[in-house]
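Student: Provided herewith is a single structure, encoded as structure tokens, for subsequent inquiry.
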Amino acid sequence: MEYQSTRDKKLRAGSAEAVLRGLAPDGGLYVARPPVDFDVHSVLRLDTLGMAEKILSALLPDFRDMGALVRRAYAGKFETEELTPLVPVGGRYVLELFRGPTSAFKDVALSMLPQLITAAREREGVTDEILILTATSGDTGKAALAGFCDVPGTKIIVFYPENGVSEVQKKQMISQAGANVRVCAVRGNFDDTQTGVKEIFAAGVKENCGVRLSSANSINIGRLAPQVVYYYKAYADLLKAGRVACGDKVDFVVPTGNFGDILAGYLAKRMGLPVGKLVCASNRNDVLTDFLRTGTYDRRRPFYKTISPSMDILVSSNLERLLWLLTENEDEVAGYMRSLTENGCYTVSDSLLSKLHAEFAYGCCDDAQTMETIGKVWKTEHYLMDTHTAVAWRVAEGYQTDTPVVVLSTASPYKFPTAVLSAVGGDTSGTEFDVMFRLNELTGVPVPPNLARLQKLPILHRDVIDREEMQAYVQRRMRQWDE
Ligand SMILES: *Cc1c(COP(=O)(O)O)cnc(C)c1O
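Be aware that the sequence shown starts at 1, since it is given in the numbering used here, and climbs by one per residue.
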């Protein structure tokens, strides 16, 4: 299976090269037509790691011994060996994607990506060390740090906005151990931090300095492919529970930001999994709802900060991959993307819109509805969900179907304790750690071990710099890593 840019079919790459490069040279994303001869039925009988091995081998055929990479990525690192448990809640199912080492859904992909990058580096004969640079507004930073921690041949620097992440998220990052990791606060907001990282990538590093820059961003196919696995896992659990017979369709409702999670569901379907509709759930930033309804993607709109911050996004980069997968026409996709850059919007063809409507449903809700949903589901079902999951649940409630529905849950409620405690009627005074423990007292839902021990961990990273210093900081770190 060969990958190519979504914008130019001449820009080809094998799966290992695509993982190493991240983005195609023309700014497009690497895509390939999914395998059609995939043996769904035998894969559904495997355990989660077995499924991961088969699915990742099919999508990334360059990698030998995928079984060993999968075990190194996941074995013993998640709360349960099945990685992503499926929990029945009030007639639907919640697929818990947050049982990983940092209690974020990003753990599923960011545990695997470092293994793929190091294996790709060996396969491609790259001797340079890989330096991962990441700007984070919260969850990605910690999940990337945990994934790359002490992975040979890699180093990672995470920048975060000094006052732009929650207390728990900050403590998660600045307590990160590992000889190859650095964490640095930037005076400014997330946009400043992200712009700084983009400038460092644009400037590049000196040739022959023994380092190659890479990103842990969700546009990398090495981050997308591992996410296909949990759709299969969820379906296998429904089979085991006797809730579906082989071949019956299942609908998935996905809390969406950058469109990576839901696109993985579409890849699962193209590989043969009986997926019915994929329901794209958004918060008040409803650019995708409008797009899926009308066929016009228009980013020229206000940006709202919501209580589901990982879905606060105006440009969902992985959508470009879907446009290619539905058209296989790189000129058409390149045209849409050019229009997005130049005009801030594009409108897809009628035939593409009807293909979108055949595969996807959509919906959105605001913060008040999100809070109300958390409170109501706790009261009636005794299930505690985080703000992102609640957006998806709310959209699922408004979606009519006779098919079994799986709602993807992307964060532990303890990652967003203030909103969640307030939604279930608790007192949110004090620090975020106070709130976390009070939420536990009120509900009895266990705090994930990594978060429970966090408050007492020593602080290992104290660097704080101005945005203009970021590039110099990276240069200095590369010269004197252990300082
Ligand atoms: C990243 C994230 C999302 C959005 O996932 P995409 O793949 O970007 O659509 C949703 N919820 C949480 C908690 C996340 O961290």
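Even for Gly, the Cβ is constructed at its ideal location relative to N, Cα and C.
Whose CA, out of ASP286, LYS379, GLU372 and LEU278, lies closest to the CA of LEU356?
Tutor: On the sequence shown, residue 356 is found 356 positions in, with the first residue counted as 1. When only C-alpha atoms are compared, the closest one is LEU278.
Student: Starting from PRO161 and walking both ways along the beta strand (DSSP E), at which residues does that stretch end?
Tutor: Taking the sequence shown and counting its residues from 1, the one referred to as residue 161 is at position 161. From DSSP, the beta strand (DSSP E) with PRO161 extends over 154 to 161.
Student: DSSP state of ILE130, grouped into three classes?
Tutor: Start at 1 with the first residue of the sequence shown, and residue 130 comes out as number 130. ILE130: strand per DSSP, three-state reduction.
Student: Taking Cβ positions, are VAL391 and ASN220 nearer each other than 8 Å?
Tutor: Taking the first residue of the sequence shown as position 1, residue 391 is located at position 391. Taking the first residue of the sequence shown as position 1, residue 220 is located at position 220. Not in contact: VAL391 and ASN220 (Cβ atoms no closer than 8 Å).
Student: Under three-state DSSP, which class holds ALA177?
Tutor: Residue mapping note: residue 177 aligns to position 177 of the sequence shown, counting from 1. If DSSP states are grouped into helix, strand and coil, ALA177 belongs with coil.
Student: Taking only runs of the alpha helix (DSSP H) that begin and end inside the stretch 63 to 88, which ones reach a length of at least 4 residues, in chain order?
Tutor: Whole alpha helix (DSSP H) segments, 4+ residues: 66 to 74.
Student: Where does TYR362 sit, in a helix, a strand or coil, going by DSSP?
Tutor: Looking up residue 362 in the sequence shown gives position 362. It is a strand residue.
Student: Quick one: Cα of VAL348 to Cα of VAL407, how far?
Tutor: Counted from its first residue, the sequence shown places residue 348 at position 348. Counted from its first residue, the sequence shown places residue 407 at position 407. When rounded, the distance between both Cα atoms is 28 Å.
Student: Looking only at C-alpha atoms, which of PHE159, GLY141, THR134 and GLU332 sits nearest to SER215?
Tutor: As a working mapping, residue 215 is identified with position 215 in the sequence shown. Of the candidates PHE159, GLY141, THR134 and GLU332, the one whose C-alpha sits nearest the C-alpha of SER215 is THR134.
Student: Name the DSSP bridge partner or partners of CYS345?
Tutor: The residue you call residue 345 lines up with position 345 of the sequence shown. Answer is ASP298, bridged to CYS345.
Student: Could you give the first and the last residue of the continuous beta strand (DSSP E) run that contains SER282?
Tutor: Against the sequence shown, residue 282 aligns to sequence position 282. SER282 -> beta strand (DSSP E) spans 275 to 282.
Student: Give every residue of the same chain whose Cβ lies closer than 7 Å to the Cβ of ARG121, excluding the five residues on either side of it in the sequence, and list them in chain order.
Tutor: On the sequence shown, residue 121 is found 121 positions in, with the first residue counted as 1. LEU20, ILE130 and GLY153.
Student: Using 8 Å as the cut-off, can you tell me whether the stretch 254 to 265 makes contact with the stretch 368 to 378, which would need three or more C-beta pairs spanning the two stretches below that distance?
Tutor: No contact exists between the stretch 254 to 265 and the stretch 368 to 378.
Student: Let me know if TYR160 comes out buried or exposed under the rule of 16 or more other beta-carbons within 10 Å of its beta-carbon.
Tutor: Walking along the sequence shown from the start, residue 160 turns up at place 160. Buried: at least 16 other Cβ atoms inside 10 Å.
Student: Just verifying my parser: in three-state terms, what is the DSSP assignment at ALA419?
Tutor: Taking the first residue of the sequence shown as position 1, residue 419 is located at position 419. Note: ALA419 maps to helix in three-state DSSP.
Student: If contacts are defined as beta-carbon pairs under 8 Å, then VAL250 and THR80 qualify, I think. What distance do you get, rounded to the angstrom?
Tutor: The sequence position of residue 250 within the sequence shown is 250, counting from 1. The sequence position of residue 80 within the sequence shown is 80, counting from 1. Rounded, the Cβ-Cβ distance is 21 Å, inconsistent with contact.
Student: Measuring from the CB of THR418, is there a heavy atom of ligand 1 at a distance below 7 Å?
Tutor: As a first step, residue 418 must be located in the sequence shown, where it is residue number 418. Checking the Cβ of THR418 against ligand 1 gives no.
Student: Ignore the nearest five residues each way along the sequence and tell me which others in VAL89's own chain have a CB closer than 6 Å to its CB.
Tutor: As a first step, residue 89 is located in the sequence shown; it is residue number 89 there, counting from the start. Around VAL89: GLU381 and TYR383.
Student: Could you tell me if ASN285 is buried or exposed, where buried requires 16 or more neighbouring beta carbons within 10 angstroms of its beta carbon?
Tutor: Within the sequence shown, the letter at position 285 stands for residue 285. The residue in question, ASN285, is buried, as its Cβ has 16 or more Cβ neighbours within 10 Å.
Student: Given 8 Å as the limit, is there contact between the stretch 216 to 236 and the stretch 263 to 282, that is, 3 or more CB pairs closer than that?
Tutor: Taking 8 Å as the limit for Cβ pairs, the verdict is that the stretch 263 to 282 does touch the stretch 216 to 236.
Student: Are there three or more Cβ pairs, one per stretch, closer than 8 Å when the stretch 259 to 273 is compared with the stretch 222 to 231?
Tutor: Yes, the stretch 259 to 273 is in contact with the stretch 222 to 231.
Student: Have a look at ARG12 and GLU2 and give me their C-alpha separation to the nearest angstrom.
Tutor: Here residue 12 refers to the residue found at position 12 of the sequence shown. Here residue 2 refers to the residue found at position 2 of the sequence shown. Using only the alpha carbons, I get a separation of about 7 Å.
Student: Let me check one thing: in DSSP terms, what residues is THR92 bridge-paired to?
Tutor: Within the sequence shown, the letter at position 92 stands for residue 92. For clarity, residue 92 is Arg in the given sequence; the question names Thr instead. DSSP output for ARG92 lists VAL89 as bridge partner(s).
Student: What's the C-alpha gap between LYS9 and ASN440?
Tutor: Translated into the one-based positions of the sequence shown, residue 9 becomes position 9. Translated into the one-based positions of the sequence shown, residue 440 becomes position 440. Spanning the two alpha carbons is a distance of roughly 53 Å.
Student: Assuming GLN176 and LEU145 are in contact, meaning their beta carbons sit under 8 Å apart, how far apart are those beta carbons, in whole angstroms?
Tutor: What you label residue 176 is simply residue 176 of the sequence shown in a count that begins at 1. What you label residue 145 is simply residue 145 of the sequence shown in a count that begins at 1. Yes, they are in contact, since the Cβ atoms of GLN176 and LEU145 sit about 4 Å apart, within 8 Å.
Student: Can you tell me which of ASN217, VAL108 and LEU454 puts its alpha carbon nearest to the alpha carbon of GLY22?
Tutor: Within the sequence shown, the letter at position 22 stands for residue 22. Residue ASN217 is the option with its Cα nearest to GLY22.
Student: Which of helix, strand or coil does DSSP assign to GLN4?
Tutor: As a working mapping, residue 4 is identified with position 4 in the sequence shown. In this structure, GLN4 counts as strand in the three-state DSSP scheme.
Student: Give the DSSP-derived three-state secondary structure of VAL250 in the structure shown.
Tutor: Residue mapping note: residue 250 aligns to position 250 of the sequence shown, counting from 1. In this structure, VAL250 counts as strand in the three-state DSSP scheme.
Student: Are the beta-carbon atoms belonging to GLY141 and VAL168 less than 8 Å from one another?
Tutor: In the sequence shown, the residue the question calls residue 141 occupies position 141. In the sequence shown, the residue the question calls residue 168 occupies position 168. Result no, Cβ atoms of GLY141 and VAL168 do not sit closer than 8 Å.
Student: Within the stretch 179 to 215, note down every full beta strand (DSSP E) run reaching 3 residues or more, in order along the chain.
Tutor: DSSP runs (the beta strand (DSSP E)) wholly in the stretch 179 to 215: 181 to 187 and 211 to 214.
Student: In chain order, what residues of the same chain have a beta carbon less than 7 Å from the beta carbon of ARG71, not counting five sequence neighbours either side?
Tutor: By one-based count along the sequence shown, residue 71 stands at place 71. Same-chain partners within the cutoff: LEU49.
Student: Should ALA411 be listed as close to ligand 3, given that the test is whether its C-beta is under 7 Å from any heavy atom?
Tutor: Absence of ligand 3 is noted for the structure shown, with ligand 1 being the only ligands found.
Student: Buried or exposed, going by whether 16 or more other CB atoms sit within 10 Å of the CB of GLY196?
Tutor: Residue numbering aside, residue 196 sits at position 196 when the sequence shown is read from its first letter. Buried, because 16 or more other Cβ atoms sit within 10 Å of the Cβ of GLY196.
Student: For the alpha helix (DSSP H) containing LEU110, name the first residue and the last one.
Tutor: Residue numbering aside, residue 110 sits at position 110 when the sequence shown is read from its first letter. 106 to 123 is the span of the alpha helix (DSSP H), which, as asked, contains LEU110.
Student: What did DSSP end up calling VAL36 once you bin it into helix, strand or coil?
Tutor: Counted from its first residue, the sequence shown places residue 36 at position 36. Correct three-state label for VAL36: coil.
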